[in-house]
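Chains as they are written, first to last, in the working numbering: chain A, 110 to 611; chain B, 110 to 611.
A short write-up of the structure that comes next.
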């Protein structure tokens, strides 16, 4: 193959723009399906998505593409580090793709569209049996694909590592053991204390007022509304369409609890801050957007919890709530809000859980995934095991699958191995906070609604780099020390001391 | 080329599915842009759309595709008539595409995305100068493309014929002359009469109540909400995504006039009934959906006006309005509604015009397009000419470009030659009504809210055929006579007699 490096670099750019356009197309079809599309149209989307994913497969594995990337890889020393990383990431993806037979690749894309649609209906009807055949196929595909992609690895380790490079069951076990050791006694202690009143978050809140609050929150945390949109959906998520220049967050309004959507918006807003914080020149390249799910969740959960559930934020936001919900906030105050949103209480729903019990929800999902992937648990037995573990870990009785095993969308989208990212991300966030506080007066900024310095710190250390560095490299560079979950458990203990006066 | 007819027919199916997937992708990117996307994201969409349109160009003009279609064309006698028509339509599109240089084809796709975005902002600011450079480029491109596509034809005739096969300026002139002859004296006469009170449509109408009404209307006219969605937008439109199995209509709520969105929903609903009425086996083929814009507008304007502004419909819908707007409808009645929505009054905005003056709005646009395409009028002079013609034809003073030359989105999307479809479609609709009445008691059906027989007639004669027949063939088959605009002018005169007691 005869090509100049200059020409190859131009073609590298063009290839990534083309891939970004397909991602835009497939992303917006997904987004439309999750937010706006009429109920009976999943089949139609699945037809288009399977065709488009075949086009992506052909583009990625074509001789032209492989030759180009191998050529650039051979001359990588002559490339700027950004382009070295692009070639590395693209080659990894393409080599992975080549290992999966095209028909299975496409069948899987079709499967997840149908599975998500079915999950929606199964959740609505609280009917696991409806969803079961799809979930079985998804777990089977995940095991089979892991066998194609890394036959030398344990299948679940493989998928954990895809969401967070290098992560294994062993790491997760160690990490969760450390959390368990500190959190279980903490939860026990707190459970015996008088509970703060959380009446302030409950009442009757109109969708339109909640939407008003959502847009205010987006502005407050520093999102650029010219480039970040908001929609409603069953299970909130964030996505970039084409590039970080068009970012979408989603939420869901609960009539009787404004705090559910409030924290959902701040959580998804954290994802959106991270994505849209990529350097502009990374748009339409594989460096655009966050590097791993754990780092992504470190940002979403940092804004949601560390910032959003701080006393400083409650003080800043309370007057805003009074404007949006004047009747409901009448006679309330910021301290009540702070205590209400930090009430520790074992509960059924992960996304509505408090910070302290949250990781137990994750551990349950982790345990279950691990056992299904290892062949130690069958999909049909998931609901019973789910309920048993909720009783054991959290002491709660699961009344139905809707509020049990069907509550989360992740498995229906094939995201097996994703859940640990939430707990890891939360823990990274606590260690980020400690570093940030060395140079930023975080509480003062938040209490005055001045997110500038907080965002500038995150932008400098995390966001701007997009996917340029491996997650481990990035963490090392920011922490200037190894990752230590004690920052997180210390943070949670301090929060409980403050709220419960332990 | 060695291929069996069987194999070629399979590939024909596959080719059309692929094209439908790209149309789905590009359609949903457009739809998202017009309904949901944040304001600053047009550039991002234009990047993706230009890449995807290049992919479509390459797919359509590839040797494989051309060979396949020419092979099938050579053996067309051996194909069922549906596939003969598919081959004909695909070959026409592809031969057209081949005549336009690829770079100009792609640049044009980019241009219209940017132009629509700019039109939105220009309309908001009532600033024609902002939009002018884009509109100039669009008219230039349309003239240049017509030169590539049909150098033997007049450029405007070419584009008129693209929206309605065979249509020319001469036909339009004749048609509009006939309308003018009957409508101008009619409007003059009506203008001298006391006007019906239209207070019933004005007041303060919440978006949420208007949305409730919109969904009720969709159900009433017989749309299947599992396959037809509703969103809001600046300029209402209807689109299919991927196939007629996923149809979207859009509307816009005016706070002070519920009838604007009501008739917009029925209008777009008529388009959606036509599209979704295609035979299911036409999904993912070029036969799916309506055959021409005039026939499309015949359906939308049939439901909007002939049905929607009939006394029978007003009687049926009034109790529904009382449920949706109980305070505003208090003390009103169906006859007031009927008279209010049939008030004839020269006005500024086409989409809000009454049935009688409507065609004059179309004639103005037709005149202007015709003259710009012929080089007799410059784009920069459009606002002044627009205002002059509104004064001459309708006797109204245009206060600003927002309510003048910038009111419609069509030119920004490159739809030059489209406007006559509205008037032609309206006239077709009146002749359809005459035929329908031979076997259906339309008034009785509508007055009881039973759209079944009306829809069944349209389905049998029009909808199910999708694009199988040429517009002229279809009309001939349904009318069993030549098209005669007198049905339309008679219909309008009768309406005025009834409302104004002429």
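Glycine included, C-beta positions come from ideal geometry on N, C-alpha and C.
Query: Restricting to runs no shorter than 3 residues, where is the beta strand (DSSP E) found entirely within the region 308–382 of chain B?; Result: 337–341, 347–350, 352–360
Query: So residue 478 of chain A packs on residue 265 of chain A, CB below 8 Å; how close in whole Å?; Result: 7 Å
Query: How long is the line joining the alpha carbons of residue 130 of chain B and residue 156 of chain A, rounded to whole angstroms?; Result: 8 Å
Query: Indicate whether residue 411 of chain B and residue 284 of chain B have their beta-carbon atoms separated by less than 8 Å.; Result: no
Query: Pop quiz: residue 498 of chain B and residue 525 of chain B are said to be a contact at Cβ under 8 Å. What is the actual Cβ separation, rounded to whole angstroms?; Result: Residue 498 of chain B to residue 525 of chain B, Cβ: 17 Å. No contact.
Query: Per the contact definition of three or more C-beta pairs closer than 8 Å, is the region 513–528 of chain A in contact with the region 456–464 of chain A?; Result: yes
Query: Counting pairs of Cβ atoms below 8 Å between the region 240–254 of chain A and the region 219–227 of chain A, do you hit three or more?; Result: yes
Query: On the three-state DSSP scale, how would you describe residue 483 of chain B?; Result: coil
Query: Output the distance between the C-alpha atoms of residue 415 of chain B and residue 375 of chain B, rounded to the nearest integer angstrom.; Result: 11 Å
Query: For residue 242 of chain B, name the three-state secondary structure that DSSP assigns.; Result: helix
Query: Check each candidate in A:379, A:523, A:148, A:552 and name the one with the smallest Cα separation from residue 421 of chain A.; Result: A:552
Query: List the residues of chain A whose Cβ lies closer than 9 Å to the Cβ of residue 519 of chain B, in chain order.; Result: Within chain A, no residue comes near residue 519 of chain B; the closest Cβ sits about 24 Å away, beyond 9 Å.
Query: Check whether the region 387–407 of chain B touches the region 119–130 of chain B, counting contact only when three or more Cβ pairs, one atom from each stretch, lie closer than 8 Å.; Result: yes
Query: Chain B beta carbons: is any one of them nearer than 8 Å to that of residue 335 of chain A?; Result: yes
Query: Using a Cβ-Cβ cut-off of 8 Å, state whether residue 380 of chain A counts as contacting chain B.; Result: no
Query: Confirm, please, whether the CB-CB distance from residue 330 of chain A to residue 378 of chain A is below 8 Å.; Result: yes
Query: For residue 309 of chain A, collect the residues of the same chain with a Cβ closer than 6 Å to its Cβ; drop the 5 residues on either side in sequence, then sort them by chain order.; Result: 441, 445, 446, 449
Query: Residue 463 of chain A and residue 235 of chain A - do their beta-carbons sit closer together than 8 Å?; Result: no
Query: Name, going along the chain, the residues of the region 393–405 of chain A whose beta-carbon falls closer than 8 Å to a beta-carbon of chain B.; Result: 393
Query: Report yes or no: do the region 191–200 of chain A and the region 143–163 of chain A share at least 3 C-beta pairs separated by less than 8 Å?; Result: no
Query: Could you tell me whether the region 567–584 of chain B touches the region 516–524 of chain B, using the rule of 3 or more Cβ pairs below 8 Å?; Result: no
Query: Quick one: residues in its chain with C-beta nearer than 6 Å to the C-beta of residue 274 of chain A, no 5 flanking neighbours on either side, listed in chain order?; Result: 579, 580
Query: Using the C-alpha atoms, what's the distance from residue 177 of chain A back to residue 608 of chain A?; Result: 58 Å
Query: Could you check which residue in B:548, B:512, B:361, B:433 has the C-alpha nearest to that of residue 562 of chain B?; Result: B:548
Query: Figure out for me which residue from A:337, A:183, A:365, A:327 has the closest Cα to the Cα of residue 434 of chain A.; Result: A:365
Query: Are residue 276 of chain B and residue 598 of chain B closer than 8 Å when you measure CB to CB?; Result: no
Query: For the structure I just gave you, are there three or more beta carbon pairs, one from the region 168–185 of chain B and one from the region 353–360 of chain A, closer than 8 Å?; Result: no
Query: Does the beta carbon of residue 147 of chain B sit closer than 8 Å to a beta carbon anywhere in chain A?; Result: yes
Query: Does DSSP put residue 515 of chain A in a helix, a strand or coil?; Result: coil
Query: Which residues, taken in chain order from the region 338–349 of chain B, show a beta carbon closer than 7 Å to some beta carbon of chain A?; Result: 338, 340
Query: Starting from residue 546 of chain B, follow the alpha helix (DSSP H) in both directions and report where the run begins and ends.; Result: 529–546
Query: Where does residue 302 of chain B fall in DSSP's three states?; Result: coil
Query: Would you mind sorting residue 147 of chain A into buried or exposed? The rule is 16 or more other CB atoms within 10 Å of its CB.; Result: buried
Query: Between B:138, B:454, B:546, B:332, which has its C-alpha nearest residue 306 of chain B's C-alpha?; Result: B:454
Query: Might you give, ordered along the chain, the residues of its own chain that have their beta carbon closer than 8 Å to the beta carbon of residue 573 of chain B, omitting 5 neighbours on each side?; Result: 386, 387, 388
Query: Distance check for residue 209 of chain A and residue 201 of chain A, CA to CA, integer angstroms please.; Result: 13 Å
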